[in-house]
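Down below is the structure, laid out as C-alpha cells.
Number of protein chains: 2
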Amino acid sequence: MGVVVSLSGARDPQVSLAPLVALVQEDMAHVNRLILDRARSNVELIPELARHLIDSGGKRLRPMLTLASARLCGYEGDAHVRLAAAVEFMHTATLLHDDVVDESNLRRGRKTARLLWGNEASVLVGDFLLGQAFKMMVDVGSLGALRILSDAAAIIAEGEVMQLMTAKNTDTTEDDYLAVIDAKTAALFSAAAEVGGVIAGKPKSEQAALRSYGRNLGLAFQLVDDALDYSGEQATLGKSVGDDFREGKITLPVVLCYRRGSAEERSFWQRTLHDGEIGEHDLGEAMNLLKKHSALSDTMERARHYGAIARDALAIFPESKPKSAMLKAIAFSVDRPY
Amino acid sequence: MGVVVSLSGARDPQVSLAPLVALVQEDMAHVNRLILDRARSNVELIPELARHLIDSGGKRLRPMLTLASARLCGYEGDAHVRLAAAVEFMHTATLLHDDVVDESNLRRGRKTARLLWGNEASVLVGDFLLGQAFKMMVDVGSLGALRILSDAAAIIAEGEVMQLMTAKNTDTTEDDYLAVIDAKTAALFSAAAEVGGVIAGKPKSEQAALRSYGRNLGLAFQLVDDALDYSGEQATLGKSVGDDFREGKITLPVVLCYRRGSAEERSFWQRTLHDGEIGEHDLGEAMNLLKKHSALSDTMERARHYGAIARDALAIFPESKPKSAMLKAIAFSVDRPY
Numbered sequence: 037m038g039v040v041v042s043l044s045g046a047r048d049p050q051v052s053l054a055p056l057v058a059l060v061q062e063d064m065a066h067v068n069r070l071i072l073d074r075a076r077s078n079v080e081l082i083p084e085l086a087r088h089l090i091d092s093g094g095k096r097l098r099p100m101l102t103l104a105s106a107r108l109c110g111y112e113g114d115a116h117v118r119l120a121a122a123v124e125f126m127h128t129a130t131l132l133h134d135d136v137v138d139e140s141n142l143r144r145g146r147k148t149a150r151l152l153w154g155n156e157a158s159v160l161v162g163d164f165l166l167g168q169a170f171k172m173m174v175d176v177g178s179l180g181a182l183r184i185l186s187d188a189a190a191i192i193a194e195g196e197v198m199q200l201m202t203a204k205n206t207d208t209t210e211d212d213y214l215a216v217i218d219a220k221t222a223a224l225f226s227a228a229a230e231v232g233g234v235i236a237g238k239p240k241s242e243q244a245a246l247r248s249y250g251r252n253l254g255l256a257f258q259l260v261d262d263a264l265d266y267s268g269e270q271a272t273l274g275k276s277v278g279d280d281f282r283e284g285k286i287t288l289p290v291v292l293c294y295r296r297g298s299a300e301e302r303s304f305w306q307r308t309l310h311d312g313e314i315g316e317h318d319l320g321e322a323m324n325l326l327k328k329h330s331a332l333s334d335t336m337e338r339a340r341h342y343g344a345i346a347r348d349a350l351a352i353f354p355e356s357k358p359k360s361a362m363l364k365a366i367a368f369s370v371d372r373p374y
Numbered sequence: 037m038g039v040v041v042s043l044s045g046a047r048d049p050q051v052s053l054a055p056l057v058a059l060v061q062e063d064m065a066h067v068n069r070l071i072l073d074r075a076r077s078n079v080e081l082i083p084e085l086a087r088h089l090i091d092s093g094g095k096r097l098r099p100m101l102t103l104a105s106a107r108l109c110g111y112e113g114d115a116h117v118r119l120a121a122a123v124e125f126m127h128t129a130t131l132l133h134d135d136v137v138d139e140s141n142l143r144r145g146r147k148t149a150r151l152l153w154g155n156e157a158s159v160l161v162g163d164f165l166l167g168q169a170f171k172m173m174v175d176v177g178s179l180g181a182l183r184i185l186s187d188a189a190a191i192i193a194e195g196e197v198m199q200l201m202t203a204k205n206t207d208t209t210e211d212d213y214l215a216v217i218d219a220k221t222a223a224l225f226s227a228a229a230e231v232g233g234v235i236a237g238k239p240k241s242e243q244a245a246l247r248s249y250g251r252n253l254g255l256a257f258q259l260v261d262d263a264l265d266y267s268g269e270q271a272t273l274g275k276s277v278g279d280d281f282r283e284g285k286i287t288l289p290v291v292l293c294y295r296r297g298s299a300e301e302r303s304f305w306q307r308t309l310h311d312g313e314i315g316e317h318d319l320g321e322a323m324n325l326l327k328k329h330s331a332l333s334d335t336m337e338r339a340r341h342y343g344a345i346a347r348d349a350l351a352i353f354p355e356s357k358p359k360s361a362m363l364k365a366i367a368f369s370v371d372r373p374y
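Same order as they appear, the protein sequences are chains R and C. For what it's worth, my numbering labels the leading residue of the first sequence as 37, then goes sequentially. For what it's worth, my numbering labels the leading residue of the second sequence as 37, then goes sequentially.
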C-alpha cells in the first residue's frame, strides 16, 4: 500500500495516545459519569440509544483535548469536565445525524443507531444531546467558551451541508475537500482545545495557539481517517475496509487519484463513486489505483504537514507533561493504525 | 361540528392577533432582517432552503411573544430582537426535523423542505439554524436567557422523542398527550415569553408569570391546532383537513373520542390510526365520531381552560397596551379560525 502505518508503531510512546490518556484519566472518569448522567431521561428511548453510542468505544479524542488544554494552562477548577462532556455530546449528536444523512448501517464495526432504532429516533436524540450540550456549557457560565462552541456548532452543520452538496462529485478539488473537513471535523477539534485555555483565563495568544493546535490536529486526523478507510491494516483490526468507497464519498485519496489518473481511470471513479455502480472487484481495483498513484501515502504526507503545524502551534508553551502528551497525540494521529 | 370557530370572530379585536402584531411591528421588522442575515451562508443550499421556510407565512407567534414580553416589562435595549430571532430559528429547526420524522409532504399547504431538498438537507440545515440560534443568544450575553432557551431546546427534543414513542398508540391518555405537547410546543412558548422579562431584569415573580403565560398559551394553541385539523373551517381557508388523521397522529380529539367510544368505534380508530389502513370514507367517519362524542368542542373547552390560566398569569402586571395585546392573543389562540 505504501502507507506507513504499523501496529507496532502505535506501541512506541512517541506515537501513542497513551500519555494523553494517562494525563486526563481522572478527569475523564468524571466526564464519563457526567455523560451518563446527562443522557438520562424519563423517555426510555433516550438513555437506551445514548448508551449504545457511549459504549461504542470511540477514542474520545475531542473531550481529551479540552481536558489536556485546561491542564496545559494550569486550570484548577472543574468547568473543563463539563465543557469536555459538552464537546463529546456535540460530537455524538453529529454522528447520529451523519449516519442518517449518509444512510450508514455500520459505525466502528457496530450497527448504527439509525439501523437499530430508526432515522426518526436518531434525528431527535441527536437534537436532545445537542440541547444537553448547550445546557452544560451554560452551567459553566463562560460566555467566551459558549461563543466558541456555538460558532463551532453552526460551522459543523455548514460543513455537513457542503459535504452533502459535493457528495459523489469527482470534480472535487483538494481545496474543496479541505474546506469540508475544516468545517465538519477540524472546527470541533479546534473549539475543544481552545476552550481549555479560555476557562483558564489565558491570554489571546495562547488561546489562538490552542485553537491552531486543535484545528491542524483535526485536519491531520481526518486525512488519516480517510486514508485508513482504504488500508489493509484496518482489516487486521477487524474493521471494515472501503466504507467510504461503497458510500461514494469523495475523500482526498480519491481526489488525488482521480486527478492524476488516465481518462479510463477517471471513468472508473465516475462509474463507481458518482453513478454508484460498484461490482465485486471494484474495491480491489480502487485500491490498486490508489497505490499506483501513491494516493494513500501522499494523503498521509498531507496529514504530516498539518501535524507539523499543530506541533509548532504548541511551541510557545514551556515544556510540561501536558504539552508532551499533546505532542505525542499529534504523532499518534498521523501514524495510527486505527 | 359543534366547534365554536368562526371567521367573523377573528375580525373582532377582542379575539384578534392584530393588536399584538401592531405592538411589535417595528421590532418584528428588525427580527425579519436579522433572520435573513443569519440564514446567509456561502453554502448555497442553506439560504435557499431557509428562504423557503421564512417565506412560508407562519404567524411568527413565538418571536412576537419575546418582543411583547420585553415591551410589557419596559425593556429599552435591542437584545429582545436577537432573542426573538433565535426563538424563531429554534422553532424553524424543529419544524425541519419534525417533517423528516413524520415524513410530511405538506406544511401550511406548501411542499415541505424535505420533499423539495431531501431529508438529508432538512436535518443538516435544521442543525445549522440551531447553531445560529445559539450564536445569537450568546451575542446577547444573558446567561439567564441562555439557560432558559437551552433548557427548552433539550425539553423540545425530549417531547419529540416521547411523541415518536407514543405515536399511533390509541391507548394514549389525556395526561400522556398533555406531557407531549407541554414539551414539544409549550416549552418554547414559555421560554419565548420568559426571556423578555429576564433581559428586562424583572423580578423572579414576573419572570414566572411570563413563563406561565407562555406555557398555557402554548398548550391552548396546540389544542386548538389539533382540533382545527379536523375542522371544516380549515377547508374554507384552503387548508387541508385530516393531515393528523392520515399520519396516524394521536391528538386530544382522538384520545377523547376513542375513550368515549364503543368497542366497534375503537376498532375503527385502531384500524385507521394504529394499523394505518385508511379508506376513502374513513376521514368522514372519523369526523362523524368526533362530532358524536363532542370531541372537538371539548378539546376547545380544554383550550379555554389553559387560556384562562394564561390570562390569570398576566394579572399581576398593571394595565398597559402590551398587556392588552397579549391578552387578546390568548383570545385569538383559543378562538381562531386558522
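We put the CB at the ideal spot given by N, CA and C, even for glycine.
Query                                                                                                                           : Result
Interface residues of chain R facing Arg-247(C) [CB-CB closer than 9 Å]                                                         : The contacting residues do not exist; Arg-247(C) stays about 17 Å from chain R at best.
Which listed residue (Ala-367(C), Ser-158(C) and Gly-233(C)) has its alpha carbon closest to that of Val-260(C)                 : Ala-367(C)
Distance, Thr-202(R) Cα to Tyr-294(R) Cα                                                                                        : 15 Å
Rounded straight-line distance, which links the Cα of Ala-331(C) to that of Gly-320(C)                                          : 15 Å
Three-state class that DSSP yields for Leu-59(R) in the structure shown                                                         : helix
Listed by chain order, chain R residues near Ser-77(C) by CB distance under 7 Å                                                 : Glu-194
Spatial distance of Arg-338(R) from Ala-256(R) (CA atoms)                                                                       : 8 Å
6 Å Cβ shell around Tyr-342(C) - same chain, five flanking residues per side excluded                                           : Asn-252, Leu-255 and Ala-256
8 Å contact criterion, which Ser-158(R) and Asp-138(R) should meet: CB distance rounded                                         : With 8 Å as the limit, Ser-158(R) and Asp-138(R) do not qualify as a contact, their Cβ atoms being about 11 Å apart.
Beta-carbon proximity check, Tyr-213(R) vs Val-277(R), cutoff 8 Å                                                               : no
Residue from Leu-224(C), His-116(C) and Leu-179(C) whose Cα sits closest to the Cα of Gly-383(C)                                : This structure cannot speak to residue 383(C), because chain C is shown only from 37 to 374.
8 Å Cβ cutoff, Glu-230(C) in contact with chain R                                                                               : no
Within-8 Å CB hit, Gly-177(C) to chain R                                                                                        : yes
Closer than 8 Å to chain C by CB, Gly-82(R)                                                                                     : This sequence places Ile at residue 82(R); Gly is not what is there. Answer yes: the Cβ-Cβ gap between Ile-82(R) and chain C drops below 8 Å somewhere.
DSSP-derived helix/strand/coil call for Arg-146(C)                                                                              : strand
CA-to-CA distance, Ala-322(C) to Asp-73(R), given in whole angstroms                                                            : 44 Å
Per-residue burial, Pro-239(C) [other beta carbons within 10 Å of its own, 16 or more giving buried]                            : exposed
Cβ-Cβ separation, Leu-56(C) to Ala-104(C) (assumed contact under 8 Å), whole Å                                                  : 6 Å
C-alpha gap between Gln-61(R) and Met-173(R), whole angstroms                                                                   : 21 Å
Where His-341(R) sits in the DSSP three-state scheme                                                                            : helix
Test: Phe-368(R) CB closer than 8 Å to a CB of chain C                                                                          : no
Beta-carbon contacts of Val-39(R) that lie in its chain and below 7 Å, excluding the five residues immediately before and after : Residue placement at Val-39(R) is poorly supported in this model, since its pLDDT is 43, which falls under 50; the coordinates are not used for a value here.
Helix, strand or coil at Arg-203(C) [DSSP, three-state]                                                                         : One detail in the question is off: residue 203(C) reads as Ala in this sequence, not Arg. Residue state, collapsed to three classes: coil.
Contact set for Ala-75(C): own chain, Cβ-Cβ below 6 Å, skip 5 residues either direction                                         : Pro-83 and Ala-86
Near-chain R residues of the region 311 to 336 of chain C (beta-carbon distance less than 7 Å), N- to C-terminal order          : none
Cβ neighbours of Ser-356(R) in the same chain (closer than 6 Å, five flanking residues each side left out)                      : none
Residues near Pro-354(R) in its chain [Cβ-Cβ closer than 6 Å; skip 5 each side]                                                 : none
Any non-hydrogen atom of the ligand FAD within 7 Å of Ile-366(C) CB                                                             : What this structure holds is no ligand at all, so the ligand FAD is not there to describe.
8 Å Cβ cutoff, Asp-187(C) in contact with chain R                                                                               : yes
Gln-243(C) burial status per 10 Å Cβ neighbour count (16 or more: buried)                                                       : buried
Short CB-CB distance (under 8 Å) between Met-362(R) and chain C                                                                 : no
Sub-8 Å separation of Phe-125(R) and Leu-185(R) beta-carbons                                                                    : no
Rounded C-alpha distance that separates Arg-107(C) from Ile-286(C)                                                              : 37 Å
For Cys-109(C), three-class secondary structure by DSSP                                                                         : coil
Own chain residues within Cβ distance below 7 Å of Gln-199(C), not counting five before or after                                : Val-216 and Lys-220
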